[in-house]
Amino acid sequence: MAQSTQTDRYPALQRPADANLSDQRFVHLHLHSEYSLLDGAIRLKDLAPRLHELGMRACALTDHGAMFGTVDFYRQMLAAGIKPIIGCEIYIAPNGLANKSTPDDRRRNHLLLLAETNEGLTNLYKIVSKAYVDGFYFKPRVDYDYLREHAKGLIATSACLGSDINQAIMSQELDRARELILQYVDIFGRNNFFLELQANGVPEQSAVNASLIRFARDLDLQLICSNDVHYLYPEDWEVQDVLLCMQTGKRLDDENRMRMSSREFYLKSADEMAAAFEAIPEALENTVKIAERCTVEIPFNHIFLPEFPVPEDYASHGDYIRLLAQKGLERRLNDGQSRKKSRESYQERLEHELKIIDRMGYTDYYLIVWDYIRFAKSKGIIVGPGRGSGPASLVAYSLDITNIDPLEYDLLFERFLNPDRVSMPDFDIDFCYERRQEVIDYVSEKYGRDHVCQVVTFGTLAAKACVRDVARVYDLPYSETDRIAKLIPNELHMTLEKALKQSPDLRSAYEKSETIRKLIDTAKKLEGMPR
295 MAQSTQTDRY PALQRPADAN LSDQRFVHLH LHSEYSLLDG AIRLKDLAPR
345 LHELGMRACA LTDHGAMFGT VDFYRQMLAA GIKPIIGCEI YIAPNGLANK
395 STPDDRRRNH LLLLAETNEG LTNLYKIVSK AYVDGFYFKP RVDYDYLREH
445 AKGLIATSAC LGSDINQAIM SQELDRAREL ILQYVDIFGR NNFFLELQAN
495 GVPEQSAVNA SLIRFARDLD LQLICSNDVH YLYPEDWEVQ DVLLCMQTGK
545 RLDDENRMRM SSREFYLKSA DEMAAAFEAI PEALENTVKI AERCTVEIPF
595 NHIFLPEFPV PEDYASHGDY IRLLAQKGLE RRLNDGQSRK KSRESYQERL
645 EHELKIIDRM GYTDYYLIVW DYIRFAKSKG IIVGPGRGSG PASLVAYSLD
695 ITNIDPLEYD LLFERFLNPD RVSMPDFDID FCYERRQEVI DYVSEKYGRD
745 HVCQVVTFGT LAAKACVRDV ARVYDLPYSE TDRIAKLIPN ELHMTLEKAL
795 KQSPDLRSAY EKSETIRKLI DTAKKLEGMP R
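Have a look at this one:
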């Protein structure tokens, strides 16, 4: 029997706006996943099944300062029939982005943002990007002025105890808290700024909640409630505590370390949240109303490509690439090498490829790649012959993008590009690692630095490294840690589950020692997470 996929298990939701939330009592709008690096302990693949168990059909993702998990979250929620709400818990630089020198500049206040519309999502992208590019100082930060310029389409809340409003309340600076609340109302609008209550077991939270409720009544503002979720189940608090120690380089028994002051930051049910906020039902109701208002859709079925600037004397991009490809093919065929296919075969293949490239809208893509490879070669920068499916294209060979004759090796162009392909093709190009930055600089200067980016990659907690990291947090002797780590086989894609099956010595240590069992079990919950 075929193994079921996530799409098979859950009814597909075509558009986020299709979700009917009329029977929902509460929606989690404040949640941190594994992409709140070494802080959130929720794997995105585990989130949808747990939401289904709790009967929840909408949920937000609001990782700390970053949106690394947005696309994965969006796809998984839609596949599971759950409405995805995209957000971020950003950091505010109280003294402005430019100030990065005094101890006070390290202070950063939290603010929760949710994208209500696609314009809001674009603004959220800009805010998070600005925080990294210009505002980074220990953490990615933005300031009030930048928020004001990019507030349209966003819903904001006063977030956790780390917000400027809540910090002012805890310092008994109620006038300051009031000023900050009114400032956010002015930035986002009265209907788009909410005061956020939490029931997380933290001693200071109750007093903060009381003040926020008074402010809401006095200033005619709306309330919501959340649980600042960092892990799925109550028993996962220790795993998240280990993550915090890994983030800060501390051990569990360090007295002066960062820690959550409660074990309540799990994905609570609607019943649990209703019991906690029984006296303030509107705070629950408003979470559903916000979820219904958020109608963001990420368009995966449309590819946005830059336009290559062709010389003015060419009528179209298609004419230009045809000329370049034809000249390149003639040069290739006149290089004196013997070929097993006729010139007519090459010409037919070239025409076939050019038609498909034009019909699928990839003419500019070919020209862009041709251009920066031409630049690299003109500067004596070593360029690889091509990897992956790219060498299957004769047009690429004719343009010197690749250096492998696809007809000589009977390579099918459709492996690289065909009308039925869902994902965009890409050329895998290798440049000399010592001079690749010159190519990146060329592309950035040609298209604008605000139009060029590099793809982020994550280091993940692999089996051995994860065991060593967790052992360090538990303060286990190095000799014992090293012994256990070396029992894990040195194989690609090795996991702790596989290691326990393949290594009798590791399995024996796991079964005989409670300490080793706890070490391995904790590491299993963390391995594979981004770090």
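Adding 294 to a residue's 1-based position in the sequence shown gives its number in my numbering. Even glycine gets a Cβ: it sits at the ideal position worked out from N, Cα and C. Here the structure is a predicted model, which means the values were calculated and not measured.
Euclidean distance between Cα positions of residue i and residue j
{"i": "Lys-789", "j": "Asp-699", "result": "It should be noted that the sequence gives Thr, not Lys, for residue 789. Taking the straight line joining both Cα atoms gives about 40 Å."}
{"i": "Glu-601", "j": "Asp-658", "result": "6 Å"}
{"i": "Ile-384", "j": "Arg-470", "result": "21 Å"}
{"i": "Leu-627", "j": "Leu-701", "result": "12 Å"}
{"i": "Thr-301", "j": "Ile-592", "result": "Any reading at Thr-301 needs caution, since the residue's pLDDT is 36, under 50, leaving its predicted position unreliable; the model's value is listed next. Thr-301 and Ile-592: Cα-Cα distance of roughly 18 Å."}
{"i": "Arg-551", "j": "Val-533", "result": "16 Å"}
{"i": "Asn-712", "j": "Ile-475", "result": "55 Å"}
{"i": "Pro-719", "j": "Met-540", "result": "38 Å"}
{"i": "Tyr-772", "j": "Val-761", "result": "12 Å"}
Beta carbon of residue i nearer than 8 Å to that of residue j
{"i": "Ser-582", "j": "His-324", "result": "According to the sequence provided, residue 582 is Val. The question's Ser does not apply to it. Not a contact, by the Cβ cut-off of 8 Å."}
{"i": "Tyr-768", "j": "Leu-546", "result": "yes"}
{"i": "Phe-432", "j": "Arg-401", "result": "no"}
{"i": "Leu-813", "j": "Leu-770", "result": "yes"}
{"i": "Ile-449", "j": "Leu-418", "result": "no"}
{"i": "Gly-429", "j": "Ala-360", "result": "no"}
{"i": "Tyr-804", "j": "Leu-820", "result": "no"}
{"i": "Ala-686", "j": "Leu-705", "result": "yes"}
{"i": "Ile-782", "j": "Lys-758", "result": "yes"}
{"i": "Ala-817", "j": "Asp-530", "result": "no"}
{"i": "Phe-482", "j": "Ala-445", "result": "yes"}
{"i": "Phe-710", "j": "Ile-676", "result": "no"}
{"i": "Ala-564", "j": "Leu-345", "result": "no"}
{"i": "Phe-367", "j": "Ser-327", "result": "yes"}
{"i": "Asn-412", "j": "Val-590", "result": "yes"}
Residue i, DSSP secondary structure in three states
{"i": "Lys-544", "result": "coil"}
{"i": "Ser-465", "result": "coil"}
{"i": "Asn-417", "result": "helix"}
{"i": "Gly-447", "result": "coil"}
{"i": "Arg-436", "result": "Going by the sequence as given, residue 436 is Val instead of Arg. Three-state DSSP puts Val-436 in a strand."}
{"i": "Asp-699", "result": "coil"}
{"i": "Gly-684", "result": "helix"}
{"i": "Glu-383", "result": "strand"}
{"i": "Cys-760", "result": "helix"}
{"i": "Asp-722", "result": "strand"}
{"i": "Ala-409", "result": "strand"}
{"i": "Glu-490", "result": "strand"}
{"i": "Ile-615", "result": "helix"}
{"i": "Lys-377", "result": "strand"}
{"i": "Ser-520", "result": "strand"}
{"i": "Pro-824", "result": "strand"}
{"i": "Tyr-431", "result": "strand"}
{"i": "Thr-754", "result": "strand"}
{"i": "Asn-628", "result": "coil"}
{"i": "Cys-747", "result": "coil"}
{"i": "Val-590", "result": "coil"}
{"i": "Asn-403", "result": "strand"}
{"i": "Cys-353", "result": "strand"}
{"i": "Tyr-608", "result": "coil"}
Sequence-distant residues of its chain with Cβ nearer than 6 Å to residue i (five each side left out)
{"i": "Val-496", "result": "Ser-555, Ser-556"}
{"i": "Asp-652", "result": "Gly-612"}
{"i": "Glu-579", "result": "none"}
{"i": "Glu-642", "result": "none"}
{"i": "Leu-688", "result": "Arg-643, Leu-644, Glu-647, Pro-700"}
{"i": "Asn-486", "result": "Ile-449"}
{"i": "Gly-381", "result": "Ala-354, Thr-356, Leu-407, Leu-408"}
{"i": "Gly-622", "result": "Ser-692, Leu-693"}
{"i": "Val-826", "result": "Any answer about residue 826 is impossible in this case: the structure gives the chain only from 295 up to 825."}
8 Å contact criterion, which residue i and residue j should meet: CB distance rounded
{"i": "Leu-372", "j": "Gly-363", "result": "No, Leu-372 and Gly-363 are not in contact; Cβ-Cβ is about 14 Å, not under 8 Å."}
{"i": "Phe-721", "j": "Gly-674", "result": "Not a contact, Cβ separation roughly 21 Å."}
{"i": "Ala-619", "j": "Leu-693", "result": "6 Å"}
{"i": "Leu-391", "j": "Asp-437", "result": "5 Å"}
{"i": "Glu-410", "j": "Cys-588", "result": "5 Å"}
{"i": "Leu-338", "j": "Gln-370", "result": "6 Å"}
{"i": "Leu-405", "j": "Ser-457", "result": "6 Å"}
{"i": "Arg-825", "j": "Leu-341", "result": "Actually they do not touch by this definition, with Cβ atoms about 19 Å apart."}
{"i": "Ile-507", "j": "Leu-517", "result": "7 Å"}
8 Å CB neighbourhood of residue i in its chain, flanking five on each side removed
{"i": "Asn-494", "result": "Asn-521, Asp-522, Ser-556, Glu-558, Phe-559"}
{"i": "Arg-668", "result": "Asp-694"}
{"i": "Glu-707", "result": "The sequence shown places Phe at residue 707, rather than the Glu named in the question. So the qualifying residues of the chain are Arg-643, His-646, Glu-647, Ile-650, Ala-686, Ser-687, Leu-688, Pro-700."}
Contacts around residue i, its chain only, beta-carbon distance under 7 Å, and the 5 residues preceding and following it disregarded
{"i": "Val-502", "result": "Leu-455, Asn-460, Ile-463, Met-464"}
{"i": "Ala-352", "result": "Ala-313, Leu-315, Gln-318, Val-321, Ile-376, Lys-377, Ile-379, Ala-585"}
{"i": "Gly-822", "result": "Thr-754, Leu-755"}
{"i": "Met-654", "result": "Leu-711, Pro-713"}
{"i": "Val-749", "result": "none"}
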